[in-house]
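Below is one structure, written out as structure tokens; the observations come after it.
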Amino acid sequence: MHRLIDDNQDSPDEMTELLKSQDNDTIIDGPERPNITNLPDVAIIQTSTDGENISSNAAATASSHSRVEAIDPQDHETTHRHRRNEQPDEQRPLNIEHEEIFKYGASHVVKLFVPVSLCMLIVIITIKTTSSYTPGGATWAYTPFTEDKSTNTQRILFSLANTFIFMGFVITATVILILLYKFKCYKIIHGWLILTTLMLLFFFLYSYFSSISASLNRPIDMITICFITWNIGAVGMFCIHWKGPLPIQQAYLIFMSALLALVFYKFLPDWTGWLILGVISIWDLIAVLCPKGPLRILVETAHERGEQIFPALIYSSTMVYMVTAVDPPPREPQFAPDNVDTNMAVNVDETLNEEQRNQRAAIRNNNARRQLIPRSDVPQTATRREPARYVVERSNSPVIDDDDDDEKGVKLGLGDFIFYSILLAKASALGDWNVTIACYVSLLIGLCLTLLLLAIIRKALPALPISITFGLVLYFSTVYIIGPFSAELNLGQVFI
Amino acid sequence: MVSLSKKSPEERLNICRKYYRAGFAFLPLLWLINAIWFYKQAFKVEPYPQQAQIRTYVIRSAIGTLIWIIIIVAWNITFQLLRTKMGPLGDFLTFVYPRGYY
Numbered sequence: 001m002h003r004l005i006d007d008n009q010d011s012p013d014e015m016t017e018l019l020k021s022q023d024n025d026t027i028i029d030g031p032e033r034p035n036i037t038n039l040p041d042v043a044i045i046q047t048s049t050d051g052e053n054i055s056s057n058a059a060a061t062a063s064s065h066s067r068v069e070a071i072d073p074q075d076h077e078t079t080h081r082h083r084r085n086e087q088p089d090e091q092r093p094l095n096i097e098h099e100e101i102f103k104y105g106a107s108h109v110v111k112l113f114v115p116v117s118l119c120m121l122i123v124i125i126t127i128k129t130t131s132s133y134t135p136g137g138a139t140w141a142y143t144p145f146t147e148d149k150s151t152n153t154q155r156i157l158f159s160l161a162n163t164f165i166f167m168g169f170v171i172t173a174t175v176i177l178i179l180l181y182k183f184k185c186y187k188i189i190h191g192w193l194i195l196t197t198l199m200l201l202f203f204f205l206y207s208y209f210s211s212i213s214a215s216l217n218r219p220i221d222m223i224t225i226c227f228i229t230w231n232i233g234a235v236g237m238f239c240i241h242w243k244g245p246l247p248i249q250q251a252y253l254i255f256m257s258a259l260l261a262l263v264f265y266k267f268l269p270d271w272t273g274w275l276i277l278g279v280i281s282i283w284d285l286i287a288v289l290c291p292k293g294p295l296r297i298l299v300e301t302a303h304e305r306g307e308q309i310f311p312a313l314i315y316s317s318t319m320v321y322m323v324t325a326v327d328p329p330p331r332e333p334q335f336a337p338d339n340v341d342t343n344m345a346v347n348v349d350e351t352l353n354e355e356q357r358n359q360r361a362a363i364r365n366n367n368a369r370r371q372l373i374p375r376s377d378v379p380q381t382a383t384r385r386e387p388a389r390y391v392v393e394r395s396n397s398p399v400i401d402d403d404d405d406d407e408k409g410v411k412l413g414l415g416d417f418i419f420y421s422i423l424l425a426k427a428s429a430l431g432d433w434n435v436t437i438a439c440y441v442s443l444l445i446g447l448c449l450t451l452l453l454l455a456i457i458r459k460a461l462p463a464l465p466i467s468i469t470f471g472l473v474l475y476f477s478t479v480y481i482i483g484p485f486s487a488e489l490n491l492g493q494v495f496i
Numbered sequence: 001m002v003s004l005s006k007k008s009p010e011e012r013l014n015i016c017r018k019y020y021r022a023g024f025a026f027l028p029l030l031w032l033i034n035a036i037w038f039y040k041q042a043f044k045v046e047p048y049p050q051q052a053q054i055r056t057y058v059i060r061s062a063i064g065t066l067i068w069i070i071i072i073v074a075w076n077i078t079f080q081l082l083r084t085k086m087g088p089l090g091d092f093l094t095f096v097y098p099r100g101y102y
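Protein chains in written order, with UniProt numbering: chain V, 1 to 496; chain S, 1 to 102.
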């Protein structure tokens, strides 16, 4: 579900134009750029479903770039094209084009490493220092079967049942999100997004602080805790849904993803967790790449309408969706359905208690986010936050100012962040640093490969499958094969 | 993700003003972010008509942040020192009870 969307999906002609225009200082903004002020800036928590949408929107805008010659006011990538149209194509040497491709890949990869690593770091530090974030506590509405079974066979069966129930929630949420988007229920999506982030920011933050305080074993008074929660939550709402400084926004996205990953890690039983990781990767692959896949439909619909992806729930390393000084009045709320977690839509269950409902909602929201960015296809549980899509700004156009940043860059959904962190959290649960580091490196390598593929294919791609596959393979092989092997080598004092 | 340089002066003033006003709802963090974010705009950029107003907002936000920090630190010191002596009120206000060791 996570999709890395290469916003720079230009045809070679456009590329040359882009390259040429870099020599120009002319910046065209204004009427051609849609006004995106009314878009929520950050909706990180939306789980994967949203993430994909974002990526699709980005992809849509990017691909429209290559399609259309005329300047389409709805496509703000055309502003770049417009700029670039001034120079003839033949003057661009081909090698610059290649340079741009490569340059795009490397800098973006590095820019994506930092937030993903930070998110994982927060999750692992929290798990190691507090004892309340260990799995096997209360059961969860999404995975109702427990794994305390006597035989392995029974355990596998119940884990599979849990997984399918979970996936059912996710798929339902995605489908509902897509339906809402198709029927232009933007207000519902927007309201849902706000509710999700609200719940995520306040409720989960409060429980996070209670766990941290309990593990620190210092008395903290209620007034201070409420005050801190209120402050961080309110500022988060400001930064995410309105305007705020970019580093603060990114920090909130990372932190929200980490919180969600912690919640997931706490409530997912052991074997169910591994199965869910695998099945979600497959679902991501299907939903993004198949012609009938929901996330792909979302992207294409957004593309047809010329709308941008909902920026909430996308992690952007650059200034995305910047509002320029002379923006035209907003045409309509441009909601990227991606941001909305389809999962969120599913959360209406009166029979659940408050906590379960909240968690469900949180998951849904999270899922929406994931969709946007590399996680495009996982509209899964609403409570899962979508991995923040990391928007990588293209650094290879120094002359072009920030206006271009929004359009360029890779977006990574929040859902991807969350699932990477969950994988790493489960890997670190054994206490063996070999396993943890092996999984971390494999996740990063998977991310590199996905970005490389994105740079080559230039379409929305799911960010989960490759990384999760590498992570899973490396986890199980390290635990069962490499670990004992190194132990034996060490005992025998054989150095290789 | 907003870049202040991309916005018109009116918009910047608008954002600064909203952050300033919202900070009165017990949100010193908002004031702190306001002061840091708009510091460059208020003092380091060439003057433009709204800069004077932004400057007042930034200065007031900074002062408000300082006042809140003093209040919070004072309250925490009071609470930590008097928690056990306040009786039922101290227990009521405590969020987390430290575990004893044995």
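Glycine included, C-beta positions come from ideal geometry on N, C-alpha and C. Values in this document were obtained by computation on a predicted structure and should not be read as measured data.
- Query: What do you reckon, are the CB atoms on Gly293 of chain V and Ala287 of chain V nearer than 7 Å?
  - Reply: The Cβ atoms of Gly293 of chain V and Ala287 of chain V sit closer than 7 Å to each other.
- Message: Distance cutoff 7 Å, beta carbons only. Does residue 183 of chain S sit that close to anything in chain V?
- Response: The requested residue 183 of chain S does not occur in the structure, where chain S is confined to residues 1 to 102.
- Task: Answer yes or no: do Leu205 of chain V and Gly244 of chain V have a C-beta to C-beta separation smaller than 7 Å?
- Result: Gly244 of chain V sits away from Leu205 of chain V, with the two beta carbons spaced by 7 Å or more.
- Item | Interfacial residues, the stretch 179 to 210 of chain V to chain S, with Cβ spacing under 9 Å | The residues in question are Phe209 and Ser210.
- Are the beta-carbon atoms belonging to Phe38 of chain S and Ile59 of chain S less than 7 Å from one another? Inclusion of Phe38 of chain S and Ile59 of chain S in the CB contact set at 7 Å is not warranted, their separation being larger than that value.
- Which listed residue (V:Val263, V:Lys187, V:Tyr420 and V:Ala487) has its alpha carbon closest to that of residue 557 of chain V: The structure shown does not extend to residue 557 of chain V, since chain V spans only 1 to 496, so no value can be given for it.
- Could you name the residues of chain S that Pro245 of chain V contacts, counting a contact when the two beta carbons are closer than 7 Å? For Pro245 of chain V, the C-beta contacts it makes with chain S under 7 Å involve Ile33 and Trp37, in order along the chain.
- Whole-angstrom distance between Ala106 of chain V and Ser486 of chain V, CA atom to CA atom: The straight-line gap from Cα to Cα measures roughly 33 Å.
- Task: Please confirm if Leu234 of chain V has its CB atom under 7 Å from at least one CB of chain S.
- Result: Checking the sequence shown, residue 234 of chain V turns out to be Ala, not Leu. Yes, Ala234 of chain V counts as interfacial toward chain S.
- Query: Where does the unbroken alpha helix (DSSP H) through Ala141 of chain V begin, and where does it stop?
  - Reply: Element bounds for Ala141 of chain V: n/a, residue is neither H nor E.
- Which whole-angstrom value describes the C-beta separation of Lys426 of chain V and Gly273 of chain V, a residue pair presumed to lie in contact below a C-beta threshold of 8 Å? The distance from the Cβ of Lys426 of chain V to that of Gly273 of chain V is about 6 Å, consistent with a contact at the 8 Å cut-off.
- Message: Which residue wins for smallest C-alpha separation from Cys226 of chain V, given the options V:Phe203, V:Arg218, V:Asp284 and V:Pro247?
- Response: With distances taken between Cα atoms, Cys226 of chain V lies closest to V:Phe203.
- Query: Checking contacts by CB at 7 Å: is Ile15 of chain S closer than that to chain V?
  - Reply: Answer yes: the Cβ-Cβ gap between Ile15 of chain S and chain V drops below 7 Å somewhere.
- Query: For Ala463 of chain V, which option in V:Gly168, V:Ile280 and V:Thr151 has the closest C-alpha, if you only look at C-alpha atoms?
  - Reply: Comparing Cα-Cα distances from Ala463 of chain V to each of V:Gly168, V:Ile280 and V:Thr151, the minimum goes to V:Ile280.
- Query: By DSSP, does Thr94 of chain S sit in helix, in strand, or in coil?
  - Reply: In the structure shown, Thr94 of chain S sits in a strand (DSSP, three-state: E or B).
- Query: How about Val96 of chain S: is its C-beta nearer than 7 Å to some C-beta of chain V?
  - Reply: Chain V contact via Cβ: present.
- Three-state secondary structure (DSSP) of Leu27 of chain S: It is coil, neither helix nor strand.
- Sequence-distant residues of its chain with Cβ nearer than 6 Å to Gly87 of chain S (five each side left out): Short of 6 Å from the beta carbon of Gly87 of chain S, and not among the five residues preceding or following it, lies no beta carbon of its own chain.
- Message: Could you tell me the alpha carbon to alpha carbon distance between Leu454 of chain V and Gly306 of chain V, rounded to whole angstroms?
- Response: Cα to Cα, the separation comes out at about 22 Å.
- Item | Extent of the continuous alpha helix (DSSP H) to which Leu453 of chain V belongs | Taken as a continuous stretch (DSSP letters only), the alpha helix (DSSP H) holding Leu453 of chain V covers Trp433 to Ile457.
- Item | Through-space distance from Asn490 of chain V to Ile363 of chain V, alpha-carbon basis | Confidence at Ile363 of chain V is low in this model, with a pLDDT of 49, below 50, so its placement is unreliable and no value can be given for it.
- Query: Less than 7 Å separating the beta-carbons of Met237 of chain V and Leu93 of chain S?
  - Reply: For Met237 of chain V and Leu93 of chain S, no; Cβs fall outside 7 Å.
- Quick one: which unbroken beta strand (DSSP E) runs of 3-plus residues sit fully inside the stretch 243 to 319 of chain V? Chain order, please. Annotation: the stretch 243 to 319 of chain V contains no complete segment of the beta strand (DSSP E) (minimum length 3 residues).
- Item | Contacts that Phe164 of chain V makes with chain S (C-beta to C-beta distance below 7 Å) | Chain S residues near Phe164 of chain V: none, gap ~38 Å exceeds 7 Å.
- Item | Neighbour-count burial assignment, residue 497 of chain V, 16 or more Cβ in a 10 Å radius | Any answer about residue 497 of chain V is impossible in this case: the structure gives chain V only from 1 up to 496.
- Counted within 10 angstroms of its Cβ, other Cβ atoms place Asn152 of chain V as buried (16 or more) or exposed: Exposed: under 16 other Cβ atoms inside 10 Å.
- Quick one, which residues of the stretch 67 to 91 of chain S are near chain V if we go by CB-CB under 8 Å, in chain order? Cβ proximity to chain V below 8 Å picks out Ile72, Trp75, Asn76, Phe79, Gln80 and Arg83 from the stretch 67 to 91 of chain S.
- is_contact[Ile280 of chain V, chain C] using C-beta, thresh 7 Å: In the structure shown, chain C does not exist; the protein chains are V and S.
- Item | Nearest-angstrom Cβ-Cβ length linking Val109 of chain V and Leu451 of chain V, presumed shorter than 8 Å | Indeed they touch by this definition, with Cβ atoms about 5 Å apart.
- Can you check DSSP and say which residues form a bridge with Asp221 of chain V? DSSP, once it has assigned bridges, lists S:Thr94 as partnering Asp221 of chain V.
- Query: Taking the alpha helix (DSSP H) that Ser16 of chain S falls in, what are its first and last residues?
  - Reply: The sequence given here places Cys at residue 16 of chain S; Ser does not occur at that position. It spans Pro9 to Ala22 - the alpha helix (DSSP H) in which Cys16 of chain S sits, taken as one unbroken run.
- Task: Give a yes or no on whether the C-beta atoms belonging to Ala214 of chain V and Val123 of chain V are separated by under 7 Å.
- Result: Result no, Cβ atoms of Ala214 of chain V and Val123 of chain V do not sit closer than 7 Å.
- Let me know the secondary structure DSSP gives Pro462 of chain V once reduced to three states. Residue state, collapsed to three classes: strand.
- Per DSSP, what kind of secondary structure is Gly236 of chain V in: helix, strand or coil? Helix.
- Query: Under three-state DSSP, which class holds Lys149 of chain V?
  - Reply: DSSP places Lys149 of chain V in the coil class of the three-state scheme, outside both helix and strand.
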